[in-house]
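With our numbering, letter number 41 in the sequence shown gets 110, and the count goes up by one each step, no holes. From the three backbone atoms N, C-alpha and C, an ideal C-beta is built for every residue, glycine too. Below is one structure, written out as structure tokens; comments come after it.
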Amino acid sequence: MTSISTPQRDALKCDLHSSRRDEQLLHALLTTNQMAEADRLTIDYGITAETLMENAGRAVATAIMNRWNICPVVVLCGPGNNGGDGFVVARLLAEANWPVRVALLVPLEKIQGCASYHAARWNGPIDTLTTATLEGAELIVDALFGAGLSRSLEGVAAQVLTAASAKNTPIIAVDVPSGLMGDTGENMGAVPCVLTVMFFRKKIAHLLQPGKRLCGDLIVANIDTPSSVFDCISPDCYENHPSLWVNALPILNVDSHKYNRGHALVWGGWPMTGAARMAALSAARVGAGLTSVAVDTSQNDIALSVYAITLTSIMAKPVTTQQDLDTILSDKRITGLLIGPGAGVGSDTKLRVLSMLKSGQATVLDADALSSFQQDPESLFQAINGPCVLTPHEDEFSRLFADLVPTSDNKLARARAAAKISRAIVILKGNDTVIAAPDGRAIINANAPSTLATAGSGDVLAGITLGLLTQGMEPFLASAAAVWLHGAAATHFGLGLIAEDLPDQLPAVLKQLVQLKKQPDT
Ligand SMILES: NC(=O)C1=CN([C@@H]2O[C@H](COP(=O)(O)OP(=O)(O)OC[C@H]3O[C@@H](n4cnc5c(N)ncnc54)[C@H](O)[C@@H]3O)[C@@H](O)[C@H]2O)[C@@H](O)CC1
Ligand SMILES: [K+]
């Protein structure tokens with residue numbers, strides 16, 4: 070059963086349970102313990118363990134038959150239920166006239182429970198697992214270890230998988246590539262697969278790197294686990310999807326005017342002006358009623374001209390002294406703040422960040438705003454008392470949290486720990502961006518195309534987040550929505566993307582979301 074406490078579970082229901090709950094649960098990411106609990110509850114419900122295993126093996130066999138023509142297959146079976154699934158795959162492929170061989174890691178008499186039931190239904194020979202087993206195979210099914218793996222792969226299992234990978238023969242993983250830790254995505258000996266078929270729901274490892282890369286394509290198979298298992302299992306991690314936050318997106322109506330859509334303020338540094346300009350444009354595109362850039366005129370007046378000439382609907386406000394900034398921040402019509410893109414690392418940026426946080430308005434801290442606190446992160450965290458989103462990439466994350474969050478390959482745990490320490494929402498960016506809240510809620514994003522690996526795309530993400538916060542959206546959901554919109558905008562543009570293309574893609578992506586929002590809750 071899940072380990073989260075009852076109050077926390079209730080809090081989750083408040084934020085994600087309010088509507089579209091069934092749709093949201095399709096995107097739940099389960100821990101290996103939660104998956105085992107789902108299995109147990111399903112068996113209580115009346116579906117036998119043998120049937121579940123049959124369904125799981127059938128899903129894998131079907132996926133193989135749908136994708137490949139008949140060819141020689143070797144199924145590598147391990148000692149537990151993952152191996153049991155493998156015996157089902159072997160039997161069903163053989164029944165469909167595929168040439169199948171089975172290789173078993175342990176002596177047959179060691180196989181227990183429903184795995185032994187399905188091993189007995191396999192009529193063909195069973196080889197002892199060695200690298201020789203791979204001879205002649207054109208497809209390899211990896212049913213060695215699944216959720217039950219508790220330590221690094223070693224010995225024959227590791228040798229055979231390494232040899233299989235070296236041959237470049239396509240490998241299909243049952244549940245997870247063996248050696249991948251289901252709760253973290255850490256690689257403890259897995260090799261890359263072309264396809265992974267998992268059951269009921271994805272696990273965290275299917276989305277977090279390096280797991281995501283090792284899995285290849287993903288198929289989530291229905292094995293008749295009833296959704297009522299969620300009466301007893303409360304997921305606290307989801308794959309990012311509009312159903313999680315579309316109902317919280319700001320809406321326009323006849324009473325909308327520019328002031329009640331919020332006023333976003335971006336700190337516009339000098340001489341790097343492009344970052345703040347792209348962020349401001351992005352905030353405006355996602356619906357901030359007014360967007361201003363507070364322009365650093367402490368060094369010269371050229372900065373103000375650059376911002377004023379290159380921005381049209383976005384206002385440039387000169388700021389020469391700290392007092393000027395404080396005066397702007399005292400305007401209560403300003404409802405969202407962003408500092409970091411092109412701000413410069415140093416004590417001036419630190420002071421400006423602290424002024425912004427003191428204003429109590431929702432604040433996004435990105436890039437240089439984070440790096441400026443490298444020597445003194447505690448002073449930043451103490452100043453965070455209101456809605457705040459931190460958007461570090463891995464380098465910025467390690468600068469800020471190096472001494473506070475243990476270094477590990479577990480990105481989800483690191484993002485959660487950082488959110489708790491900073492009392493802010495943390496968007497830990499990357500191909501597998503994690504959005505974490507101080508109370509433990511987490512969302513993993515999977516819609517980001519690699520074209521986002523381009524200068525300035527982070528500035529756009531910070532601006533989108535700002536635009537949603539400015540309109541009053543709850544920070545955790547605003548962060549998830551921003552990350553998703555960012556990925557969808559990049560996908561909508563396609564190849565050749567540069568960061569300044571992104572804001573212009575937002576209207577088309579928002580249009581699709583508005584349609585979804587209009588649909589009745591499921
Ligand atoms: N919804 C579900 O959870 C379902 C799960 N099924 C399958 O059941 C699997 C989980 O089964 P199990 O819990 O039996 O786990 P595994 O089949 O992953 O293996 C567990 C066995 O491996 C041993 N072991 C663990 N790490 C090892 C290592 N590094 N070296 C050597 N031995 C090691 C354990 O002591 C145990 O004997 C899933 O991955 C999935 O394939 C399906 O059969 C049906 C539905
Ligand atoms: K496996």
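Hey, would you say residue i sits closer than 8 angstroms to residue j, going by beta carbons?
{"i": "residue 551", "j": "residue 533", "result": "yes"}
{"i": "residue 308", "j": "residue 482", "result": "no"}
{"i": "residue 360", "j": "residue 388", "result": "no"}
{"i": "residue 202", "j": "residue 143", "result": "yes"}
{"i": "residue 460", "j": "residue 433", "result": "yes"}
{"i": "residue 473", "j": "residue 507", "result": "no"}
{"i": "residue 575", "j": "residue 330", "result": "no"}
{"i": "residue 347", "j": "residue 570", "result": "no"}
{"i": "residue 554", "j": "residue 578", "result": "yes"}
{"i": "residue 391", "j": "residue 420", "result": "yes"}
{"i": "residue 517", "j": "residue 497", "result": "no"}
{"i": "residue 240", "j": "residue 260", "result": "yes"}
{"i": "residue 547", "j": "residue 292", "result": "no"}
{"i": "residue 280", "j": "residue 264", "result": "no"}
Within a Cβ cutoff of 7 angstroms, which residues of the same chain sit near residue i, ignoring the five residues on either side of it in sequence?
{"i": "residue 41", "result": "Look at the range of the chain in this structure, 70 to 591, and you will see that residue 41 is not part of it."}
{"i": "residue 110", "result": "298 and 301"}
{"i": "residue 450", "result": "490, 491 and 492"}
{"i": "residue 134", "result": "165"}
{"i": "residue 585", "result": "311 and 315"}
Would DSSP call residue i helix, strand or coil?
{"i": "residue 585", "result": "helix"}
{"i": "residue 85", "result": "Reliability fails at residue 85, whose pLDDT of 49 lies under 50, so the model's placement of it is uncertain and no value is given."}
{"i": "residue 281", "result": "helix"}
{"i": "residue 496", "result": "strand"}
{"i": "residue 387", "result": "strand"}
{"i": "residue 99", "result": "strand"}
{"i": "residue 591", "result": "In this predicted model, residue 591 has a pLDDT of only 44, less than 50, meaning its place in the structure is not dependable enough to derive any value."}
{"i": "residue 573", "result": "helix"}
{"i": "residue 474", "result": "coil"}
{"i": "residue 436", "result": "helix"}
{"i": "residue 106", "result": "helix"}
{"i": "residue 374", "result": "helix"}
{"i": "residue 406", "result": "strand"}
{"i": "residue 245", "result": "coil"}
{"i": "residue 288", "result": "strand"}
{"i": "residue 133", "result": "helix"}
{"i": "residue 145", "result": "strand"}
{"i": "residue 112", "result": "helix"}
{"i": "residue 216", "result": "coil"}
{"i": "residue 163", "result": "helix"}
{"i": "residue 173", "result": "strand"}
{"i": "residue 342", "result": "coil"}
{"i": "residue 506", "result": "coil"}
{"i": "residue 453", "result": "coil"}
{"i": "residue 546", "result": "helix"}
{"i": "residue 309", "result": "coil"}
{"i": "residue 580", "result": "helix"}
{"i": "residue 253", "result": "coil"}
{"i": "residue 202", "result": "helix"}
{"i": "residue 238", "result": "coil"}
Ordered along the chain, which non-local residues of its own chain (more than five positions away) have a Cβ less than 6 angstroms from that of residue i?
{"i": "residue 343", "result": "none"}
{"i": "residue 97", "result": "270, 304 and 307"}
{"i": "residue 57", "result": "The first residue shown for the chain is 70 and the last is 591, placing residue 57 beyond what the model contains."}
{"i": "residue 539", "result": "331, 333, 357, 404 and 405"}
{"i": "residue 486", "result": "474"}
Hey, could you find the ends of the beta strand (DSSP E) residue i is sitting in?
{"i": "residue 168", "result": "Looking at the DSSP string, residue 168 is not in any beta strand (DSSP E), and its letter there is neither H nor E."}
{"i": "residue 337", "result": "332 to 337"}
{"i": "residue 268", "result": "264 to 268"}
{"i": "residue 361", "result": "359 to 365"}
{"i": "residue 522", "result": "Unbroken run through residue 522: none, as it is neither H nor E."}
{"i": "residue 197", "result": "195 to 197"}
{"i": "residue 567", "result": "Run containing residue 567: none; DSSP gives neither H nor E here."}
How far does the alpha helix (DSSP H) with residue i in it extend, from its first residue to its last?
{"i": "residue 417", "result": "416 to 427"}
{"i": "residue 183", "result": "182 to 189"}
{"i": "residue 481", "result": "480 to 491"}
{"i": "residue 229", "result": "224 to 235"}
{"i": "residue 533", "result": "526 to 539"}
{"i": "residue 92", "result": "90 to 94"}
- Mind the definition here: the segment 295 to 306 touches the segment 166 to 182 only if three or more C-beta pairs lie below 8 angstroms; say whether that holds. no
- Message: Counting beta carbon pairs with one atom in the segment 312 to 319 and one in the segment 343 to 352, are three or more of them shorter than 8 angstroms?
- Response: no
- Message: Under 8 angstroms, with one C-beta from each stretch per pair, do the segment 229 to 236 and the segment 146 to 162 reach the 3-pair mark?
- Response: no
- Should the segment 246 to 255 be called in touch with the segment 181 to 191, which here means at least 3 C-beta pairs below 8 angstroms? no
- Taking contact to mean at least 3 C-beta pairs separated by less than 8 angstroms, is the segment 253 to 270 in contact with the segment 472 to 491? yes
- Query: Are the segment 377 to 386 and the segment 555 to 571 in contact at 8 angstroms, needing three or more beta carbon pairs?
  - Reply: no
- Message: Could you check whether the segment 406 to 414 touches the segment 437 to 446, counting it as contact only if at least three pairs of C-beta atoms, one from each stretch, sit closer than 8 angstroms?
- Response: yes
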